[in-house]
Amino acid sequence: MSTEFEPNVVAFLCNWCSYAGADLAGTSRTHYPSNLNVIRVMCSGRVNPLYVVNALQQGADGVLVSGCHPGDCHYMEGNFYARRRFTLLRELLEYVGVEPGRFNMSWVSASEGAKWKDVVGEVTKKAKEAGPFKQFRRAKINW
Amino acid sequence: MNNKPKIGVYVCHCGVNIARTVDVEAVREFASRLPNVKVVRNYAYMCSDPGQLLIRDDVEKEGLNRIVVASCSPRMHENTFRKTLAAAGLNPYYLEMANIREQCSWVHEDREEATAKAKKLVYAAVAKARLLEPLYEKEVEVEPASLVIGGGIAGIQAALDIANAGFKVYLVEKTPSVGGRMSQLDKTFPTLDCSACILTPKMVDVANHPNIELLAYSQVEDISGYVGNFDVKVRKKARYVDVDKCTGCGICAEECRLKGRIPSEFDMGMGKRSAIYLPFPQAVPAKYTIDPERCLYLTRGKCGKSPKCADACTAGAINFEQQDEIVEFKVGTVIVATGFDTFDPTRKPEYGYADYDNVLTGLELERLVSASGPTGGNIVLGEGENAFVPKDIAFIKCVGSRDKSVGNEYCSRVCCMYTAKLAHLVEEKIPGANVRIYYMDVRAFGKGFEEFYDRVRREGIRYIRGNPSEIFKRGDKLVIKVEDTLAATPLEDEVDMVVLAVGLEPRKDAREIIDILRLSQSADRFYLEAHPKLAPVDTATDGVFLAGCAQGPKDIPDTVAQAKGAASSALVLLSSGKVKIQAQISFINENTCRGCGYCVEICPYGAIELVTISRMGNPVQVGRVNEALCKGCGACAAACFSGSAQQKSFMDRQILPQIAVLGVMR
Amino acid sequence: MDMKKVRKEKFADFLATLAEQKLYAPQKVGESLRFAPVTDSGKVELEMSNTTVPPKSVFFPQTETLYRYEVGNTEIQQPAMGGVDIVLGVRPCDARAQVIVDSLFGWDYNDPYYQERRKATVVGLACNKPCVNCFCLSLGGGPASTVGLDLLMTDLGDAYLLQPLTEKGEKLLALAGETVETAAAGDREAAESLHGQAEQMITRKVETAGVAEKLPGLWEHSLWQETANSCLGCGICTFLCPTCHCFDIQDEVEGLEGRRCRMWDSCMFKEYTLHASGHNPRPTRRERTRNRINHKYSYFVQKFGHTACVGCGRCINYCPVNIDLVEILRQVKEAL
Amino acid sequence: MVNVDKLKEIARETISRDDVKYLIGWRQGTYGFRAAPYFMSTPEEAEELIFSPLCTNNLATYLTLAEKLPVPRGQEPDSRKVALLVKGCDSRAVVQQLVEQGISRERVLVIGCPCRGVIDQKKVEAKFPDVREAVSAVWDGDTVVFNLPGGSVAVPRQEVLAGKCLTCRYPNPVIADVTVWEEVAVWGSDDYVDVRELEAGSPQQRWGFWEEKFASCMRCYSCRNVCPMCYCEDCVLDRLNPQWIMRSVNTAENTAFHLARAFHLAGRCIECGECERVCPVDIPLMKLNRKLTKEVRDKYAYEPGVDPEAKPLQASYRPDDKEDFIL
């Protein structure tokens, strides 16, 4: 077994597009790294930006939020709000010294199983490059 | 009541689909050590009857009260297992699924990695399952009636379908008569059948149908409520004619002092009418209306010694005292079929529509070629001594469509074909006419369209590829400045008549319905459907459907098809009589809500409103969710600073433990 | 006990003799001063008015693990206790404050975590220039008070005079060896003169006599509401108070590992008295403000015989809205 | 220009009105270069009112901080207005509170005080370290004059004004029922130089900048409590269920707290600088807030607290919002 650093990525997927896209990747038997674990929510607009901070704090080395392409939101507008929130959150995270590769967002539709595979590959690679997240990781600080 | 979580975890092999890559026994063993987990089992096919029976037995024997199924995607079998829970006497929302097939065993090859991930996913599901709460799907009754807004062909068709199924329909039409745009057309492409001949019977059916209440010359003022229970307020504008007495004989119009002096809307201003009028001969209802903005008596309070119409009306139907009337009723569903406006070509001043009499729009030409039109079907320009029959005729396509400069990026879908149709009719009516069509592209995509386009070209109509830059007058002629882009030559084409194939636009007053029904607009400003592919007649508001050009430009068959679709969607609700309300909806903790209204702004369904409550005697404003309107997207929850807005089954306190597990577990 | 002195150029060497010990001294953390473990003697900051965070943070850390456990396992592991040998640079007011806090942690229960740290040697630093809001004189202290100290340092300009007060203080000086020298004749007088000058600089005064007795009678007095009007309800006054000692106990779990810990709490927070039922016996800032003053100047006096205030002035210096304890006490005094 | 007598007169009139509950202004503090918030309910109290370079506190906070006491059965809640003195920056807080419906317009009477900048107490204390008694100050041209015990000293504004005042673009109230004196000319502009400086570093450098600062936080919540935009009944950041942030005070929890606080202020911070001013351990919080203010301005051309009719930034979107980082 290699002792190479394997990042831990937490992903928030909307039920209608991205989660379905991820299911399609499975149905099509595409293969991708196992570093990413999914939390299903109904809409990317449901993802509270503090989830991302919390995930980093709790041990994630990378976080992904994925929703429907703009205009395709099952709830019409959720991903537009998400886009604003996470654009700002990303700026804030980088500003305090979180590496740019750690937080990502993607639009993956229900038909884009192949894109999902690429996205997983990409965010895993970026998190790997950034290394273990230490800045404000909660675990065992001051224990 | 002991509701301490007792969780049963069921790990599915899915034959070998999961078991080949995931060590299900290891996952089972791992899960058995997790907090609150009482029972863990492996089974070949959890979704099979024996699989489901396992759960039911354990619930009964072990007293389980939360179930985690680690199997395929919840998008696949969540409903299956919810039913299993219900059958076992558990609330169906005590279920959480771990997707270890689509998002684990099928996408990972390494058995160790896949097993590790499956454990994590199971743990995350257990962590959430501990905190699940029971949810209840509420049902509301559906009022067995429907409102159709707009009396064009879309509204007529939808109304007839619903009425024929046995439900009451209120058909509201803004103008004095149903019929809409289709009634103004002469022939329809590509079959060239007479528009009026196929439309009029339907109009009459609407008027006579026992289930249809036609509210012509009326406007929707307000709609409140939610799916199944909309409260509608309609303003019936005063016609100043008692419709019960009016026989439609028309003597009043003959007698009117303003006879022949008011441009007829129906004839696009080219024909003339009286102040009391029937918009067109086949109008339904065949009742006269007094134009309150023109009638001398209504505008000046005086019409000679006495209004001639009233004097002439033997039925005594004229009533200048008539007032607008508000009609209120309840419906279960609403169909919006408000149609379109044609593009106003004065917004393209280079085409000289405002400057030159002989520049017409397609719809104006339509009236000219119509036998019921102002010229009796003869294409004659000018009046009196100057009247002439044009010989050189040019059409310009895509006027106001596919044109970012006027804000319309979309294709209007009908202009290519109506241009071909009109060109054909011109050729037919003016022997020897020299007709050419300036175009960017020809889109003849429908049934019989390409054949018709081909026929028209064979009839000698010239298609010249080029987008004219200017039209100006030279002597008696109109000159079109254009570059033939296929020949790469600049042209100055002298013609007698230019027909602008204007595109379709949303109604100028489209906003009104948006505000009333909380609809959205797509980028093209037409009403937005719930899903462009899979819910093309639905809207974001449950129970509200779209038909016809209100949703986007389309031709008559598409309009009718969509109207039938909207009607059948409405009928699903009407005939079942009940509608289920989502269970996984949002709620707001009124104790902690600060009333900032972010959720109200964000909710795409207008499901949240601010209400004033008393907090220890102090009036405070808080958000409140209308459960019938909420669709459970959770956008409010993400926007809420105080965490007061939450989505059931996706509450912060349920998601944070999932994050913790996925983060902490390596 | 012999007085010594350490020349400033030798101060680093002096600290080096304590290198084996776990030494805490004022240092800049972020943008403010507090007591922190010394890893680099160059970072020790003694040219200060006082630390923002009082040295109570050493003896009674803001967050402290009491024990650790695994979820589902009844065994607990206790962390190592102690970890502090010397606390250097403590102002006399803060040293007196710690003695006040001692009575709390050794009253009905001897708190081992606290007591273990209190075994540390406390090296004081006399104030040559008290701050604007110091009023220690009114509370029985002073710029060179020795209460709670094992050794008192006085800044003589080019050297620190070292005055051992206890055996622990002597021991520390013994360790210092060659880095310190015997104080010269006149050093003591110089120090005393500085102490006297410092006392002169203290202009703020409170009259504490009778306050404890009077406070209960002012329960419904309007001064509490007037004070609370501008109060933000933050924790500055209590967190920075060297005698405030309230704490909360929480279990914090990460995955399957957990710990029980305690952390400072503040009676100025709404949650402080919030019951699980939702009832809050101190529902507004008025009650909370009243409680803070009553606790320091009445309840504590009744229980332990002395006020829980040493006049360090921090609550006044740092209050963002100029709520001034001296002023409140004046109002209490004047109230009818 | 600053006619305090006029201000007192207006205050007296205002407080005499039947429909005004109390008036919040400033008065001289108890020591040094301080002013203190001042709650007045009688006309006589107006005598103590001041408006000077010492008046740093943003009193708009008190509009939302005011506790609603239980109304005894059978009594009507007090619906009288609160009158409030505002500087330019403070007035933006009032506007934003209106946007977010934290207050209702008819319950507030805004008395506008065009302002020439308030002091940074630390800068002044560094200049006059030995001053112990309460000192008043006035504006005079481009200086601030301190009436020290030994005589008045004029100091150029640049040397003593708070950082936010040096880049101030809103010295005049953007909302007011009465404006006490004529507007002052705008002198500041803001290029977010401080933010850009930090942005230029590497992630390691940026974290290096923040780490110790966040580590030094005691979570006294003064930054949150003083903020005129933070007025939730129950703040998520110290809630126990769900617990977003543990009570433990350490770098991880403190950082999460500050990120969450800053994010909650995205598109809402009106840059009154109070959080930074009150921080007892001097965390440069405005440097954090201003990052988002800058992004909000650059990306969405949005500025909070200037238009009471505006939609909140986080509750609106444009279909063509930038999305260059999205995969």
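Chains as they are written, first to last, in the numbering used here: chain A, 884 to 1026; chain B, 360 to 1025; chain C, 15 to 350; chain D, 4 to 330.
Quick reminder that beta carbons are idealized off the backbone N, C-alpha and C, glycines included.
(1) Which residues of chain A have a Cβ atom closer than 9 Å to the Cβ of arginine 209 of chain D, listed in chain order?
(2) Express the C-alpha separation of serine 280 of chain C and glutamine 129 of chain C in angstroms, rounding to a whole number.
(3) Would a check of beta-carbon distances place isoleucine 250 of chain C closer than 8 Å to chain D?
(4) Just to make sure I have the definition right: I need the residues of chain A whose C-beta is within less than 8 Å of the C-beta of arginine 460 of chain B. Which are they?
(5) Is there a C-beta anywhere in chain D that falls below 8 Å from the one on aspartate 1011 of chain B?
(6) Do lysine 756 of chain B and isoleucine 796 of chain B have their beta-carbon atoms positioned less than 8 Å apart in this structure?
(7) Taking Cβ to Cβ, would you say valine 600 of chain B is nearer than 8 Å to glutamate 580 of chain B?
(8) Is valine 892 of chain A close to chain D, meaning its C-beta is less than 8 Å from at least one C-beta of that chain?
(9) Quick one: what does DSSP say glutamine 1013 of chain B is sitting in, helix, strand or coil?
(10) What is the residue span of the alpha helix (DSSP H) that glycine 410 of chain B lies within?
(11) Could you check the C-alpha separation between cysteine 130 of chain D and proline 93 of chain C for me, to the nearest Å?
(12) Which residues of chain D have a Cβ atom closer than 8 Å to the Cβ of threonine 951 of chain B, listed in chain order?
(13) Counting only Cβ-Cβ distances shorter than 7 Å, please list the residues of the segment 916-942 of chain A near chain D, keeping chain order.
(14) Closest to valine 563 of chain B by CA distance: which of B:Lys595, B:Phe526, B:Gly510 is it?
(15) Return the CA-CA distance between alanine 204 of chain C and cysteine 258 of chain C, expressed in angstroms with no decimal places.
(16) What does a CB cutoff of less than 8 Å around tyrosine 303 of chain D pick up in its chain, not counting 5 residues either side in sequence?
(17) For methionine 884 of chain A, count the other beta carbons within 10 Å of its own beta carbon; 16 or more makes it buried, fewer makes it exposed. Which is it?
(18) Using only the alpha-carbon positions, how far apart do aspartate 1001 of chain A and valine 765 of chain B sit?
(19) Can you name the residues that DSSP bridges to leucine 454 of chain B?
(20) Expressed to the nearest angstrom, what Euclidean distance is found between the alpha-carbon atoms of lysine 182 of chain C and lysine 22 of chain C?
(21) Could you please tell me which residues of the segment 505-520 of chain B, in chain order, have their CB closer than 8 Å to any CB of chain A?
(22) For arginine 434 of chain B and chain A, any beta-carbon pair shorter than 8 Å?
(23) Flag this pair as yes or no: are the beta carbons of aspartate 285 of chain D and glutamate 341 of chain C separated by less than 8 Å?
(24) What are the start and end residues of the beta strand (DSSP E) that includes tryptophan 990 of chain A?
(25) Which chain D residues sit within Cβ distance under 8 Å of serine 989 of chain A?
(26) Extract the residue ranges of the alpha helix (DSSP H) inside the segment 742-788 of chain B, only unbroken runs of 4 or more that lie entirely within it.
(27) So, at 6 Å on beta carbons, what are the nonlocal neighbours of glycine 924 of chain B in its own chain, with the 5 sequence-adjacent residues on each side left out?
(28) Could one say the Cβ of alanine 473 of chain B lies closer than 8 Å to chain C's Cβ atoms, at least one of them?
(29) Output needed in chain order: residues of the segment 638-652 of chain B with a Cβ under 7 Å from some Cβ in chain D.
(30) Looking only at C-alpha atoms, which of D:Leu68, D:Ala38, D:Val98 sits nearest to glutamate 312 of chain D?
(31) List the endpoints of the continuous beta strand (DSSP E) containing isoleucine 114 of chain C.
(32) Residues of chain D with CB closer than 9 Å to the CB of leucine 1015 of chain B, please, in chain order.
(33) Roughly how many angstroms separate the alpha carbons of tyrosine 1040 of chain B and isoleucine 248 of chain D, rounded to a whole number?
(34) Does the beta-carbon distance from proline 916 of chain A to valine 1003 of chain A come in below 8 Å?
(35) Can you find the residues in the same chain that come closer than 7 Å, C-beta to C-beta, to isoleucine 515 of chain B, ignoring five residues on each side of it along the sequence?
(36) Which same chain residues, not among the five before or five after lysine 1011 of chain A, have their C-beta less than 6 Å away from its C-beta?
This is what the structure holds:
(1) Glu977, Tyr978, Val979, Gly980, Val981
(2) Cα atoms of glutamine 129 of chain C and serine 280 of chain C: separation of roughly 22 Å, rounded to the nearest angstrom.
(3) yes
(4) Gly909
(5) yes
(6) yes
(7) no
(8) no
(9) helix
(10) 408-421
(11) With the sequence shown as reference, residue 130 of chain D is identified as lysine, and cysteine is not the correct amino acid for it. Between lysine 130 of chain D and proline 93 of chain C, the C-alpha separation is close to 47 Å.
(12) For threonine 951 of chain B, the neighbours in chain D by C-beta distance under 8 Å run, in chain order, Cys235, Glu236, Asp237.
(13) Flagged, chain order: Pro932, Leu933, Val936, Asn937, Gln940.
(14) Checking every option, the nearest Cα to that of valine 563 of chain B belongs to B:Gly510.
(15) Approximately 35 Å, taken between the alpha carbons.
(16) Gly270, Leu316, Arg321, Asp324
(17) Model confidence at methionine 884 of chain A stands at a pLDDT of 47, short of 50, so the residue's coordinates are unreliable and nothing is read from them.
(18) Approximately 39 Å, taken between the alpha carbons.
(19) B:Ile426
(20) 22 Å
(21) none
(22) Under the Cβ criterion of 8 Å, arginine 434 of chain B is counted among the residues facing chain A.
(23) Between aspartate 285 of chain D and glutamate 341 of chain C, the C-beta gap is not smaller than 8 Å, which leaves the two residues out of contact.
(24) 986-990
(25) Ile329, Leu330
(26) 774-788
(27) Val896
(28) no
(29) So nothing in the stretch comes that close.
(30) Across the set D:Leu68, D:Ala38, D:Val98, the C-alpha of D:Val98 shows the shortest separation from the C-alpha of glutamate 312 of chain D.
(31) First-last for isoleucine 114 of chain C: 106-119, but that is the alpha helix (DSSP H), not the beta strand (DSSP E).
(32) Pro245, Gln246, Trp247
(33) Coverage of chain B is limited to positions 360 through 1025, which leaves residue 1040 of chain B absent and any answer about it impossible.
(34) Between proline 916 of chain A and valine 1003 of chain A, the CB-CB gap stays under 8 Å.
(35) Taking isoleucine 515 of chain B as the centre and dropping the five residues before and after it, the same chain places the C-beta of Val537, Lys561, Met562, Val565 closer than 7 Å to its C-beta, in chain order.
(36) Result list for lysine 1011 of chain A: Pro890, in chain order.
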